[in-house]
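Structure first, commentary second.
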Amino acid sequence: MQTYGNYINGHMVEPVSGEYLDSDNPYTGEIWAQIARSNVADVNAATAAASAAFPAWASTTPTTRGKLLNNLAAIIEREALRLGEIEVRDNGKLIAEMAGQTTVMAEWYRYFGGLADKVEGSVIPLDRASTLNYTRYEPLGVVGLITAWNSPLLLLAWKLAAALAAGNCAVIKPSEFTSASTLEFMPLFEEAGFPPGVVNAVTGLGNECGQALVDHPDIVKLAFTGSDATGQHIYQSAAKQLKPVTLELGGKSPNIVFEDADFESAVMGVISGIFAATGQTCIAGSRALVQRSIHDAFVERLTEVAGEATIGDPMSMDTHVGPVTTEPQFQKILHYINVAREDGATCVMGGDLYTGPGSAGTRFVQPTVFTNVTNDMRIAQEEVFGPVLSVIPFDTEEEAIQIGNDINFGLAAGVWTQNIGRAVRVSDALRCGTVWVNTYRAVSFNSPFGGYKRSGLGRESGQEAIKEYLQTKSVWIAQDSSVANPFVMR
Ligand code: NAD
127 MQTYGNYING HMVEPVSGEY LDSDNPYTGE IWAQIARSNV ADVNAATAAA SAAFPAWAST
187 TPTTRGKLLN NLAAIIEREA LRLGEIEVRD NGKLIAEMAG QTTVMAEWYR YFGGLADKVE
247 GSVIPLDRAS TLNYTRYEPL GVVGLITAWN SPLLLLAWKL AAALAAGNCA VIKPSEFTSA
307 STLEFMPLFE EAGFPPGVVN AVTGLGNECG QALVDHPDIV KLAFTGSDAT GQHIYQSAAK
367 QLKPVTLELG GKSPNIVFED ADFESAVMGV ISGIFAATGQ TCIAGSRALV QRSIHDAFVE
427 RLTEVAGEAT IGDPMSMDTH VGPVTTEPQF QKILHYINVA REDGATCVMG GDLYTGPGSA
487 GTRFVQPTVF TNVTNDMRIA QEEVFGPVLS VIPFDTEEEA IQIGNDINFG LAAGVWTQNI
547 GRAVRVSDAL RCGTVWVNTY RAVSFNSPFG GYKRSGLGRE SGQEAIKEYL QTKSVWIAQD
607 SSVANPFVMR
């Protein structure tokens, strides 16, 4: 049994309460690790360490910070397989995906390391000759970074790389379901040369440890990935202290297939959108909008290909669909399958838990496809976060756009067409942060990512993300300091 404490000021320390939470392996069901059940006292200690480290860290040169982030990137690449295997064990993610994901994660640290000394203020051309006015970007202080369970290290990289490059210190709170990889990751900062206290991690329950972090007065900004319900709650809590937030929340993304699409590519794209990562991804293309003229043939081919997916051991490179990460999530998926049936959708594939070969008797759901779905049904409007696809027919381009946008979320969308004009028109009209044309589920360190509507606030990745962790100061220097009339604005 592995036991993880909190990582504070460069050391693994026991939680103040002495209490731990179990972490299971979603594939075997076995409890394999324990994580600290932290409370206000642990959050106070981590925040104090980060606050103490902040003045020195903020005054390192951006180039120095960039070098350290580059050191870290190289260490991540060395450790990628080990970190990936921990996520497979703790999270049930597929090794086939994790082998690449933990390696590519290094690129976020490298990119923001490179960006650190390229954030430039400006000299403002004032309408007066006697004053120099320039802007500079300054770090915020100690930031609180809260992550979801579905991709702990990658979601952390999207926040932490930018936060550190900008000169902030961090207290991290990973999900109580999948904290192990974050704790294994922490000592790598020391090896890369980061001073103790710059990066800290505390683990525990959302309403205890997470809320304590949100409410701590010395945490000056929050970056959160998780459900829209928790995101709204955190936004309200943060408002009491006027803390800025970045929120990466849920989605119900349309994957729109036009009759002029490359048929086989679109089938693969829809499958990758909903069954990759067992559908446990914010960008799941959980609504397939398919033009009526090809609807039946498309569903037939989709279920044929998806029906061949290998379900089972996430450590096998041949597995396509793994277990559901958490028990509450497993129950939620089964609940939504019932809801869809009750509301009149037709289950044409799956629709039950999976107990076949490779299931190891644990939390597996069959890849599931519903047809006869209308966009007002709960299965079309609410995030399931599992391998459950709703297929909705449409007739015209206008109708596809209307259905695609008729949702509270706005994270991503897919568009499958060979018509370039249509690709541009539909991409422009969709109200979401990312549109993929003839591809799906692509992200990059240098491309902004974030949600419209209830899918979130702010952007991660890309140049603008570093500004989420900086504030602008405007400096005025008068060349002539004589004051003619002190009672009027100058
Ligand atoms: P969640 O909201 O239940 O938990 C997310 C994190 O918030 C966890 O660390 C949890 O402990 C913490 N938390 C819970 N209550 C808290 C509180 N009161 N104060 C502070 N922290 C608190 O979400 P989840 O089930 O872990 O993750 C799944 C959700 O995440 C899905 O909705 C998914 O779409 C979303 N997600 C979004 C993105 C994105 O980039 N937009 C990426 C991945 C996942």
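Heads up, the numbering used here is the position in the sequence shown plus 126, with the first residue counted as 1. Every residue, glycine too, gets a C-beta built ideally from N, C-alpha and C. Here the structure is a predicted model, which means the values were calculated and not measured.
Compute the minimum distance between the beta carbon of residue i and the heavy atoms of the ligand NAD, and state whether it is under 7 Å.
{"i": "I360", "result": "yes"}
{"i": "K599", "result": "no"}
{"i": "G581", "result": "Note that residue 581 is Ser in the sequence shown, not Gly. Yes, the Cβ of S581 comes within 7 Å of a heavy atom of the ligand NAD."}
{"i": "V169", "result": "no"}
{"i": "N165", "result": "no"}
{"i": "K299", "result": "yes"}
{"i": "S391", "result": "no"}
{"i": "E374", "result": "yes"}
{"i": "A162", "result": "no"}
{"i": "T472", "result": "no"}
{"i": "N276", "result": "yes"}
{"i": "S379", "result": "no"}
{"i": "C558", "result": "no"}
{"i": "Q337", "result": "yes"}
{"i": "G114", "result": "A question about residue 114 goes unanswered here, because the residues of the chain that appear run from 127 up to 616."}
{"i": "F456", "result": "no"}
{"i": "E434", "result": "no"}
{"i": "T173", "result": "no"}
{"i": "G577", "result": "yes"}
{"i": "N135", "result": "no"}
{"i": "T308", "result": "no"}
{"i": "I202", "result": "no"}
{"i": "T356", "result": "yes"}
{"i": "E302", "result": "yes"}
{"i": "G476", "result": "no"}
{"i": "N534", "result": "no"}
{"i": "V340", "result": "yes"}
Is any beta-carbon of chain D found at less than 8 Å from that of residue i?
{"i": "V325", "result": "Judged by its chain identifiers, the structure shown contains no chain D, having just a single protein chain."}
Out of the options, which has the shortest C-alpha to C-alpha gap to residue i?
{"i": "S291", "options": "L537, L266 and F384", "result": "According to the sequence as given, residue 291 is Ala; it is not Ser. Of L537, L266 and F384, the residue nearest in Cα terms is L266."}
{"i": "L415", "options": "F613, G210 and T522", "result": "T522"}
{"i": "A174", "options": "V491, I420 and V346", "result": "V346"}
{"i": "S177", "options": "Y237, D253, N196 and G293", "result": "G293"}
{"i": "L537", "options": "P574, S379 and A206", "result": "S379"}
{"i": "S398", "options": "F535, T452, V614 and A568", "result": "A568"}
{"i": "V499", "options": "Q492, K285 and E508", "result": "E508"}
{"i": "A403", "options": "L220, G476 and F389", "result": "L220"}
{"i": "L195", "options": "T257, G218 and G319", "result": "G319"}
{"i": "T308", "options": "P322, T329, G323 and E316", "result": "T329"}
Measure how close the beta-carbons of residue i and residue j come, nearest whole angstrom, since I'm counting them as under 8 Å.
{"i": "A289", "j": "A296", "result": "5 Å"}
{"i": "S573", "j": "V510", "result": "In fact, because the Cβ distance is near 26 Å, the residues do not count as touching under 8 Å."}
{"i": "T304", "j": "P278", "result": "5 Å"}
{"i": "R580", "j": "L375", "result": "6 Å"}
{"i": "W234", "j": "F496", "result": "Not quite, the Cβ-Cβ distance comes to about 36 Å (not below 8 Å), so this is no contact."}
In or out: residue i buried (at least 16 other Cβ within 10 Å) or exposed?
{"i": "D502", "result": "exposed"}
{"i": "H461", "result": "exposed"}
{"i": "M443", "result": "exposed"}
{"i": "P449", "result": "buried"}
{"i": "P251", "result": "exposed"}
{"i": "A167", "result": "exposed"}
{"i": "K599", "result": "exposed"}
{"i": "P612", "result": "exposed"}
{"i": "M615", "result": "exposed"}
{"i": "Q617", "result": "As displayed, the chain neither begins before 127 nor continues past 616, which places residue 617 out of reach and without an answer."}
{"i": "W602", "result": "exposed"}
{"i": "S149", "result": "buried"}
{"i": "M224", "result": "buried"}
{"i": "R204", "result": "exposed"}
From what residue to what residue does the alpha helix (DSSP H) around residue i run?
{"i": "T308", "result": "A306 to F311"}
{"i": "H359", "result": "D354 to K366"}
{"i": "Q160", "result": "Run containing Q160: none in the alpha helix (DSSP H); it sits in the beta strand (DSSP E), I157 to A162."}
{"i": "M394", "result": "F389 to F401"}
{"i": "E426", "result": "R418 to A432"}
{"i": "K623", "result": "Examination of residue 623 is not possible in this model, given that the chain is present from 127 through 616 alone."}
{"i": "K458", "result": "E453 to E468"}
{"i": "P181", "result": "V166 to A184"}
{"i": "R236", "result": "A232 to L241"}
{"i": "E509", "result": "No alpha helix (DSSP H) contains E509, which DSSP labels as neither H nor E."}
{"i": "R208", "result": "P188 to N217"}
Where do the N-terminal and C-terminal ends of the beta strand (DSSP E) with residue i fall, by residue?
{"i": "D554", "result": "That residue, D554, is in no beta strand (DSSP E); its alpha helix (DSSP H) goes I546 to A555."}
{"i": "D148", "result": "Y146 to D150"}
{"i": "I382", "result": "P380 to V383"}
{"i": "E374", "result": "V371 to E374"}
{"i": "G323", "result": "Note, G323: premise wrong, no beta strand (DSSP E); not H, not E."}
{"i": "A349", "result": "I345 to T351"}
{"i": "G540", "result": "A538 to W542"}
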